[in-house]
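A.B. asks: Residue numbers are given in the working numbering: position 308 of the sequence shown equals residue 342, and the series is strictly consecutive.
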Amino acid sequence: MILIATDKFKGTLTAAEATYIIRDAVTTCQPRADVTAIPVADGGEGTAEVLAAVMGLRRHTVEARNAVGRPVEAVYFSDHSGRVALDAATVLGLTLVDEADRDVMHATSAPLGRLLRHIIERERPDEIYLGIGGTATSDGGAGMLHELGATFCGVHAEITPATLSQVSSVDLSTVMPLPAMHLLCDVDVPLVADGALPSAMTFAPQKGLRPEDGPALRAALSHWSELIGCNSSFSGAGGGLISGLIGRFAPEYGADTMLTLAGVDALSPDIVITGEGCVDEQSVMGKITGRLATYAHRKGARVIAIGGMVKPSPKLTATFDAIYSTLSTPASTPAARLHLTALQVAEDVC
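1) At which residue ranges does the segment 65-131 contain complete beta strand (DSSP E) runs of 3 or more residues, listed in the order of the chain?
2) If you drop the 5 nearest sequence neighbours on each side, which residues of the same chain put their C-beta closer than 6 angstroms to that of D222?
3) Where does the unbroken alpha helix (DSSP H) through I276 begin, and where does it stop?
4) For C187, count the other beta carbons within 10 Å of its own beta carbon; 16 or more makes it buried, fewer makes it exposed. Which is it?
5) Leaving aside the five residues before and after L261 along the sequence, list all residues of the same chain whose C-beta is less than 8 angstroms from its C-beta, in chain order.
6) Tell me the rounded alpha-carbon separation between Y163 and H216.
7) Give me whichever residues DSSP pairs with D205 in a beta bridge.
8) Mind the definition here: the segment 160-174 touches the segment 300-317 only if three or more C-beta pairs lie below 8 angstroms; say whether that holds.
9) May I ask which residues mark the beginning and end of the alpha helix (DSSP H) holding V344?
10) Among residues of its own chain, excluding the 5 on either side of T61, which ones have a beta-carbon nearer than 8 angstroms to its beta-carbon?
11) Just tell me which of L212, T46, A365, N100 has its CA closest to the CA of V153.
12) What does the Cβ neighbour count give for E83, buried or exposed, with the cut at 16 atoms within 10 Å?
13) Taking all protein chains shown into account, decide if E286 is buried (16 or more other Cβ within 10 angstroms of its Cβ) or exposed.
14) Should H373 be labelled buried (16 or more other beta-carbon atoms within 10 Å of its own) or exposed?
15) Along the chain, where does the alpha helix (DSSP H) that runs through E286 open and close?
16) Taking the alpha-carbon positions, what's the T40 to S143 distance?
17) Which ranges does the alpha helix (DSSP H) cover as unbroken runs of at least 4 residues, wholly within the segment 248-333, from first to last along the chain?
18) I need the DSSP call for E192, collapsed to helix, strand or coil.
19) DSSP has M235 in a bridge; who is on the other side?
20) Does the segment 289-309 come close enough to the segment 333-342 to have 3 or more Cβ pairs within less than 8 angstroms?
21) Which value, in whole angstroms, describes the spacing of the CA atoms of V138 and S259?
22) Kindly list the residues whose CB is nearer than 8 angstroms to the CB of R151, restricted to its own chain and excluding five residues on each side of it in sequence; keep chain order.
23) So C384 and G288 are in contact, right, with Cβ under 8 angstroms, and what is the actual spacing, rounded?
24) Can you tell me whether P174 is buried or exposed, with buried defined as 16 or more other CB within 10 angstroms of its CB?
25) Cβ of L225 within 7 angstroms of Cβ of L179?
26) In the DSSP assignment, find the alpha helix (DSSP H) that holds A369 and state where it starts and stops.
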C-alpha cells in the first residue's frame, strides 16, 4: 500500500491540493496500486483546516487584527460536541504582515488572546486544538496572556518584546478559566538557549528581527523565562507563544496528534510519500515530513519526500530514502511542477 500524506506547499498549494495532485499522478502511472491519500499538518499554518476536515468541524470567521494591528479576517472551526480548532497564524501569521511591516520587536500576540476569549465566551468549548506555528511574533505569548487576564506589573505600554524587559512581575493565576487545550507544535525548542543551539531566537530573523535588535530580544525572552519559570521543551515554539501555558497544558507534536486523529497509525504502508514547500533540516525537527519518516521506519516502509525547494544535508539523507525537488521540472505552475515530480516518483519508486 502507498500512503500519500503531505503538508501544504506554503504560498502555493494547500495540504489537500498537494496530496491529491500526488495521488492523481501516482494512480495515473500505477493504476493498480493501492493508494491512500490523507492531507496532513503539524501545527503550522493550515493545521486547523486539515483538522476540521478530519473531525467534521464547521467554519467560522471573525473580524480581528494581526500582530501589527492591521485588520484581518480570522478563521476557526467548531462542532456541537465542544471541540474547536484554530491556528495561531489566523491572526498572528507571518504571511499576514507585509514584509515592510515585519518588526518582531513590536509585534504582539495580543490578537490571539482576544480571539481565544471571543471563542471561549461564544462557543463554550470543552477542548481547543491550537496550531502554534507560522507566527510573526516572538513575545513569549505575553500579549496573549495579558488579553486572557494575566496581571502584569511595571509596564504601562503595549506588551511586546520592546517592553517585555520592563515587566517587574506577572500573575498568571488571574487568567480566565480555559478549556482543555491541545498545544500543537511544529518545533521542539526552548525559549532561550546557549550559543547557536535552536531556540525561539532561531526563527526571529525571518520575522523581521534586525541584527542590532538581537541582544535586546534575547534579553527580553530571558527575562520573560525567569518571570514565568519556564524554559522547557516546546516553550520556544511560535516565538514562545505557549511558554506561559505549559504549566497548565502539555504541549504536543502537532504532527503526532494529526497522524493519530487521521487514523494513519492504524495503516501498514509499504511506501510513504510526503512533502512540503521546503524540505530542509527543520523538516526533521518536529515537522510532519520528519515525523512521517519516523512513522515509516517504524512500519518498515520506504519514505519519499517531495519539496518545492530542497536543501540537502546528511541528516536528510539519513532520514529519507529519496528526496525530490519540484524545481527540477520544466513546468510553469506549482501544481504542474508537483504533478510532474510525482510522476517521476511513481516511475522510480512505486
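Note that beta-carbon positions come from the ideal geometry of N, C-alpha and C, so glycine has one too. If you're wondering where the values come from, they're calculated on a predicted model, not measured in any experiment.
C.D. replies: So, from the listed chains and residues:
1) Qualifying beta strand (DSSP E) stretches, in chain order: 69-71, 92-99, 105-112, 117-121.
2) Cβ within range, chain order: S267, F268, G320.
3) Element bounds for I276: n/a, residue is neither H nor E.
4) The Cβ neighbour count for C187, taken over all protein chains shown within 10 Å, is under 16; the residue is labelled exposed.
5) The answer, listed in chain order, is V201, S203, V204.
6) Going from the Cα of Y163 to the Cα of H216 covers about 5 angstroms.
7) D205 is bridged to T185.
8) Between the segment 160-174 and the segment 300-317, the count of Cβ pairs shorter than 8 angstroms is below three; the stretches do not touch.
9) For V344, there is no enclosing alpha helix (DSSP H); the residue is part of the beta strand (DSSP E) that begins and ends at 336-344.
10) Contacts found: A67, V69.
11) Reading the sequence as shown, one finds Ile at residue 153 and not Val. Considering only alpha carbons, the answer is L212.
12) Result: buried.
13) Buried.
14) Taking all protein chains shown into account, H373 has 16 or more neighbouring C-beta atoms within 10 Å of its C-beta and is therefore buried.
15) No alpha helix (DSSP H) contains E286, which is instead part of the beta strand (DSSP E) from 285-287.
16) T40 and S143 have their C-alpha atoms some 29 angstroms from each other.
17) Restricting attention to alpha helix (DSSP H) runs no shorter than 4 residues, the segment 248-333 encloses them at 248-262, 271-274, 288-295, 322-333, ordered along the chain.
18) Assigned with DSSP and collapsed to three states, E192 falls in coil, not helix or strand.
19) In the DSSP output, where bridge partners are listed per residue, M235 has none listed.
20) Contact between the segment 289-309 and the segment 333-342 is established, with three or more Cβ pairs separated by less than 8 angstroms.
21) Answer to the nearest angstrom: the Cα atoms are 18 angstroms apart.
22) Contacts found: E181, L182, M210.
23) No, C384 and G288 are not in contact; Cβ-Cβ is about 28 angstroms, not under 8 angstroms.
24) According to the sequence displayed, residue 174 carries Gly and not Pro. By the 10 Å Cβ count, G174 comes out buried.
25) No, Cβ-Cβ distance for L225 and L179 is not below 7 angstroms.
26) Per DSSP, A369 is one residue of the alpha helix (DSSP H) stretching across 368-383.
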